[in-house]
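Down below is the structure, laid out as structure tokens.
Chains as they are written, first to last, in my numbering: chain A, 1012 to 1371; chain B, 148 to 297.
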């Protein structure tokens, strides 16, 4: 006999509002239906009421983790509409901020995953490590969450001494190699909770159009930093980690390896940062009539903005945001089918969902 | 279908697209409308995109001025190249605006079709809806459709 178990909308796995209605037979999940929209904010409509400066501050609030990425994507679209190009140093700073954000997002996720596994010591280790990344973000921008770094035509703040940050990157990498990666890959606790759990097959991942680490852990080698480079990514050398397993362990491994690649990119960007201006200064901005689209590889996957403008207007006529969780989360239905009920919080968390983005 | 055949032939490689059939504007490769593809439907595009393994990204809806209706822009990714297909549909104030659903061809379009339906009141025919972002008593179109949100 089957029965329904509602999970949520209050903090079903993470401290975010969504609901999973599961149909179970015994302890086994047969099917699931996901409900979102509990904290819908109508940001796309609000964006139409903000001018070209205010809209940057507004879209920074779409996500609390990837706030830099959202303004970067928006500013790239607005730069296309105004025909301005950020100076080379600004493009490097954008890479540095983007990778620091990826580091703190992935390490935060690793900590939460450890907590859901019942591995509290690892949670503490990950969060201590994340704190070091947050310190650097604060040192560069003055803020810990919404960095206010991007503007149309560059960035608002310089990285005063890029080479001084390289040691932090090296220390972070050492800690990953010394502690976090070995424990996640060899500990019996991590293995028993993650291996073979919440599988998203390669075929289903393609059908669902998933992005980011969720796609790469199901054997899909896609990454906009390599496939459609933006900012200064075209000048960076890095690999795109791909795993074939499609389970929670594969998603964990992909993120761990991406941390290493982020360290590699950061070292290149910090040591090769060109001198010069960080933005276009007081250049007058003239928006053309039309639509511009920009895509960026956020920690959770592809973010896409379509921005529409009418010449002479101070406000955008339309801003459409497609966030990675919006496409990744429907795949949870397929991940939990056949899983044990007790594993479903970890499976949901393995997507690294962001409902701030989804209920934008 | 000439334009879609062009994608099929060239889309999986990093070769340039035929500029007679595609134009790069605003960061997107747009399919040009011509006699060959004037009547191409959204389902034909979705079928062709699925056949070459393109990844569906999203649908962006725009309300056109006055009673001109709506423009829906469908985006697909082919190995990092962003392709766009634009469809105009009629639908004046308080009238229904309809376009065929592609969910049966492209599963990834499910949530975004539901979001566009709720945001603009556009009907995607041939599918059933469940609420996504709206709650009981909310009117489709209340977020982004001019005559409803005012």
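Ideal Cβ placement from N, Cα and C applies to all residues, glycine included.
Asked                                                                                                                        : Found
Beta-carbon spacing of residue 981 (chain A), residue 1278 (chain A) below 8 Å                                               : Any property of residue 981 (chain A) remains undetermined from this structure, which presents chain A solely from 1012 to 1371.
DSSP bridge partner residues for residue 1331 (chain A) (one or two, in chain order)                                         : A:1317
Proximal chain A residues relative to residue 291 (chain B), where beta-carbon distance stays under 8 Å                      : 1055 and 1056
Test: residue 258 (chain B) CB closer than 8 Å to a CB of chain A                                                            : yes
First through last residue of the beta strand (DSSP E) which encompasses residue 1116 (chain A)                              : Residue 1116 (chain A) -> not in any beta strand (DSSP E); alpha helix (DSSP H) instead, spanning 1099-1128.
For residue 1301 (chain A) and residue 1174 (chain A), believed in contact at Cβ under 8 Å, the rounded distance             : No, residue 1174 (chain A) and residue 1301 (chain A) are not in contact; Cβ-Cβ is about 41 Å, not under 8 Å.
7 Å Cβ cut-off: residues of chain A touching residue 209 (chain B)                                                           : 1319 and 1329
Neighbour list for residue 1301 (chain A) in chain B, Cβ cutoff strictly below 8 Å                                           : 172 and 173
Under 8 Å between C-beta atoms of residue 256 (chain B) and residue 1338 (chain A)                                           : no
Beta-ladder partner(s) of residue 1013 (chain A), from DSSP                                                                  : A:1036
Identified DSSP bridge partners for residue 1308 (chain A)                                                                   : A:1313
Cα-Cα separation, residue 1015 (chain A) to residue 1033 (chain A)                                                           : 6 Å
Residue-chain proximity (residue 1235 (chain A), chain B), Cβ-Cβ < 8 Å                                                       : yes
3 or more residues per run - each beta strand (DSSP E) lying fully within the region 164-243 of chain B                      : 169-172, 175-178, 202-210, 217-225 and 228-236
From A:1062, A:1209, A:1308 and A:1049, residue whose alpha carbon lies closest to that of residue 1163 (chain A)            : A:1062
Backbone secondary structure at residue 158 (chain B) - three-state DSSP                                                     : At residue 158 (chain B) the pLDDT is 49, less than 50, meaning the model places this residue with poor confidence; the figure from the coordinates comes in the next sentence. Of the three classes helix, strand and coil, the one that applies to residue 158 (chain B) here is coil, per DSSP.
Chain-ordered residues of the region 1201-1228 of chain A with a beta carbon less than 7 Å from chain B                      : 1218, 1219 and 1220
Distance CB(residue 1389 (chain A))-CB(residue 1327 (chain A)) smaller than 8 Å                                              : Nothing can be reported for residue 1389 (chain A), as the shown portion of chain A is limited to 1012 through 1371.
Pair within 8 Å by beta-carbon distance, residue 1187 (chain A) and residue 1270 (chain A)                                   : yes
Proximal chain A residues relative to residue 180 (chain B), where beta-carbon distance stays under 8 Å                      : Correct list: empty, because the minimum Cβ distance to chain A is about 16 Å.
Simplified DSSP assignment, three categories, for residue 1054 (chain A)                                                     : helix
Any C-beta of chain B under 8 Å from that of residue 1249 (chain A)                                                          : no
Residue range of the beta strand (DSSP E) that includes residue 271 (chain B)                                                : 269-272
Contact residues within the region 1082-1097 of chain A, judged by C-beta distance below 9 Å to chain B                      : 1087, 1088, 1091 and 1092
Residues near residue 1252 (chain A) in its chain [Cβ-Cβ closer than 7 Å; skip 5 each side]                                  : 1227, 1265, 1268, 1269 and 1272
Interface flag, residue 255 (chain B) vs chain A, CB-CB below 8 Å                                                            : yes
Three-way DSSP call (helix, strand, coil) for residue 291 (chain B) in this model                                            : coil
Where residue 1339 (chain A) sits in the DSSP three-state scheme                                                             : helix
Integer-rounded CB distance, given that residue 1071 (chain A) should sit under 8 Å from residue 1167 (chain A)              : With 8 Å as the limit, residue 1167 (chain A) and residue 1071 (chain A) do not qualify as a contact, their Cβ atoms being about 12 Å apart.
Runs of alpha helix (DSSP H) lying entirely within the region 1170-1217 of chain A, each at least 4 residues, in chain order : 1173-1186, 1192-1197 and 1199-1205
Neighbour list for residue 282 (chain B) in chain A, Cβ cutoff strictly below 9 Å                                            : 1048, 1049 and 1051
Pairwise C-alpha distance: residue 1031 (chain A) and residue 1017 (chain A)                                                 : 6 Å
At least 3 beta-carbon pairs within less than 8 Å: the region 277-285 of chain B vs the region 1041-1052 of chain A          : yes
Same chain only: Cβ atoms within 6 Å of residue 1305 (chain A), ignoring 5 sequence neighbours per side                      : 1084, 1087, 1088 and 1316
Nearest-angstrom Cα separation, counted from residue 1258 (chain A) out to residue 1192 (chain A)                            : 17 Å
Burial state of residue 1021 (chain A), where buried means 16 or more other Cβ atoms lie within 10 Å                         : exposed
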